[in-house]
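Counting from 597, one number per residue, gives the positions in the sequence shown under the numbering used here.
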Amino acid sequence: MGQFLVLGAGAIGQGTAVELADRGHEVTVVSRSGRGPAHEGVRAVAADAADAERLTTLAEGAEAIVNALNPPNYTTWERDWPPLAQAALTAAERSGAGLVTVGNLYGYGMVDGPMTEQTPLRPNGHKGQLRARMWETALEAHRSGRVRATELRASDYTGPGVGAQSLLNSMVIARVVKDRPVWLVMGDPDAPHTWTDVRDTARLAAVLATDDRSWGQAWHVPSAPPRSVREVVGEVAQLCGRAPRAVHGIPRGAVTALGTVVPLLRELRETRHQFERPFVLDATHTTEVFGLQPTPWEVTLRETVEWLSATAA
Numbered sequence: 597m598g599q600f601l602v603l604g605a606g607a608i609g610q611g612t613a614v615e616l617a618d619r620g621h622e623v624t625v626v627s628r629s630g631r632g633p634a635h636e637g638v639r640a641v642a643a644d645a646a647d648a649e650r651l652t653t654l655a656e657g658a659e660a661i662v663n664a665l666n667p668p669n670y671t672t673w674e675r676d677w678p679p680l681a682q683a684a685l686t687a688a689e690r691s692g693a694g695l696v697t698v699g700n701l702y703g704y705g706m707v708d709g710p711m712t713e714q715t716p717l718r719p720n721g722h723k724g725q726l727r728a729r730m731w732e733t734a735l736e737a738h739r740s741g742r743v744r745a746t747e748l749r750a751s752d753y754t755g756p757g758v759g760a761q762s763l764l765n766s767m768v769i770a771r772v773v774k775d776r777p778v779w780l781v782m783g784d785p786d787a788p789h790t791w792t793d794v795r796d797t798a799r800l801a802a803v804l805a806t807d808d809r810s811w812g813q814a815w816h817v818p819s820a821p822p823r824s825v826r827e828v829v830g831e832v833a834q835l836c837g838r839a840p841r842a843v844h845g846i847p848r849g850a851v852t853a854l855g856t857v858v859p860l861l862r863e864l865r866e867t868r869h870q871f872e873r874p875f876v877l878d879a880t881h882t883t884e885v886f887g888l889q890p891t892p893w894e895v896t897l898r899e900t901v902e903w904l905s906a907t908a909a
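If you want it as structure tokens, here you go:
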């Protein structure tokens, strides 16, 4: 069995580590806190993921590095992401490990239909431009023979174990579980939207890290059929045994005004289109090549409600 280095100890980082360790691999998880999953095949190390020298040392002998980092401050991505991405790429190049990056859909910008891996990267904001540059830099290194690189792309997360970094969990499902009204900061509550289970993301990351067919291209995470926010609210209410809550929208003008004093709302403006029109991920290619299927939506939602109910108790 092989050795793998996972960067990040969030839901996806820990999930990826467990997926790999369950297959008999030796896994090292790197985070600032030094925490990791309680698994005999996983070693947790406290380190600065922007330290290329340290990562190179930790990656010696590893088959692949999985970059599952996600800087928590949405407003400082331009400052925080570049050194992290460069350190991971440098460590992969120096150690000979492959590089799997956990990405998102920001780089596609505004689209008129379902997104496939062939959809052009046409970001409409600086966060999308940043994600696109990260992939293009890694892909250039791959094509020049300096490193083996791939990227997976997921839609907005849901699933048990992910809290504030899931808009659906924190702003919709958790509020229905607590019998509180749902207020949408942006978007159309009836627009179809793909939600990706974090466990499906971790599963694909582990597959890409261990399958040579993955290198040199991007892959979409198999995800359940799209659901609108209003549909999710109704389904959660039914699981909780109560009548559906109304979904209230905050006018765009009010959100724009609040953005002048609330940095997070200002940063969300460039992704507003994702919630104002259908936002659908197509992962057919991933399913055809690797045979992966998404966790059934009913399972994802039920287990997310159970997890949020337990954490709220």
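Beta carbons: idealized from backbone N, C-alpha and C, even for Gly. Keep in mind it's a predicted model, so treat the numbers as computed, not measured.
Quiz item: Between which two residues does the alpha helix (DSSP H) harbouring Gly755 extend?
Solution: Run containing Gly755: none; DSSP gives neither H nor E here.
Quiz item: In chain order, what residues of the same chain have a beta carbon less than 7 Å from the beta carbon of Gly657, not counting five sequence neighbours either side?
Solution: The beta carbon of Gly657 sits closer than 7 Å to the beta carbons of Gln599 from its chain, once the five residues preceding and following it are set aside; these are given in chain order.
Quiz prompt | Boundaries of the alpha helix (DSSP H) in which Leu835 is found, first to last residue | solution = Run containing Leu835: 825-836, per the alpha helix (DSSP H) assignment.
Quiz item: Cα-Cα, which of Asp708, Thr900, Glu689, Asn663 is closest to Asn700?
Solution: Cα-wise, what sits closest to Asn700 is Asn663.
Practice problem: Kindly indicate which residue of Phe871, Ile661, Ala660 has the alpha-carbon position closest to the one of Leu780. | Solution: Considering only Phe871, Ile661, Ala660, the residue with the shortest C-alpha distance to Leu780 is Phe871.
Quiz item: Of all the options His621, Trp791, Tyr753, which has the alpha carbon lying nearest to the alpha carbon of Ala607?
Solution: Taking only the C-alpha atoms, the option nearest Ala607 is Tyr753.
Quiz prompt | Bridge-paired residues (DSSP) for Ser627 | solution = Note: Ser627 sits in a beta bridge opposite Ala642.
Self-check item: Assigned secondary structure, Val794 (DSSP; H/G/I helix, E/B strand, else coil)
Solution: Helix at Val794.
Self-check item: Helix, strand or coil at Ile769 [DSSP, three-state]
Solution: Here DSSP, grouped into helix, strand and coil, assigns Ile769 to helix.
Quiz prompt | Given Thr790 as reference, the closest of Leu764, Val803, Arg799 once Cα atoms are compared | solution = Checking every option, the nearest Cα to that of Thr790 belongs to Leu764.
Quiz item: Since Leu888 and Pro818 are thought to touch, with beta carbons under 8 Å apart, how far apart are those beta carbons, to the nearest angstrom?
Solution: The Cβ separation is near 5 Å, so the contact holds.
Practice problem: For the alpha helix (DSSP H) holding Gly814, just list the boundary residues, first then last. | Solution: Note on residue identity: the sequence assigns Ala, not Gly, to residue 814. Run containing Ala814: none in the alpha helix (DSSP H); it sits in the beta strand (DSSP E), 814-816.
Quiz item: Can you tell which of Ala737, Val843, Ala687 has its C-alpha closest to the C-alpha of Ser824?
Solution: For the set Ala737, Val843, Ala687, the Cα lying nearest the Cα of Ser824 is the one of Val843.
Self-check item: CB contact flag (Asp793, Thr891, <9 Å)
Solution: In this structure, Thr891 lies closer than 9 Å to Asp793 by Cβ.
Quiz item: Which residues in the same chain have their Cβ closer than 7 Å to the Cβ of Lys774, if we skip the five residues on either side of it in sequence?
Solution: Correct list, in chain order: Ala908.
Practice problem: Using three-state DSSP, classify Arg742 as helix, strand or coil. | Solution: The answer is coil: DSSP assigns Arg742 none of H, G, I, E or B.
Exercise. Compare the Cα-Cα distances from Gly609 to each of Ala802, Ala879, Gln813, Arg650 and report the closest residue.
Key: For Gly609, the nearest C-alpha among the options comes from Ala802.
Quiz prompt | Three or more C-beta pairs below 8 Å linking the region 676-692 and the region 625-636 | solution = By the Cβ test, the region 676-692 is not in contact with the region 625-636, since fewer than three Cβ pairs between them sit closer than 8 Å.
Self-check item: Gln714 - containing alpha helix (DSSP H), residue span
Solution: Where Gln714 is concerned, there is no enclosing alpha helix (DSSP H), given that its DSSP letter is neither H nor E.
Self-check item: Closest Cα partner of Ala683 within the set Asn720, Arg650, Gly694, Gly705
Solution: Closest by C-alpha distance to Ala683, out of Asn720, Arg650, Gly694, Gly705, is Arg650.
Quiz item: Hey, how far is the Cα of Leu601 from the Cα of Thr624?
Solution: Looking at the two C-alpha atoms, the distance is approximately 5 Å.
Quiz item: Between the Cα of Ala833 and the Cα atoms of Leu804, Thr733, Val778, which residue gives the shortest distance?
Solution: With distances taken between Cα atoms, Ala833 lies closest to Val778.
Quiz item: Measuring CB to CB, does Glu831 end up less than 9 Å from Gly724?
Solution: No, the pair does not count as a contact, with Cβ atoms beyond the cut-off.
Exercise. Check the DSSP bridge columns for Phe875 and list the partner residues they point to.
Key: Bridge partners of Phe875: His789.
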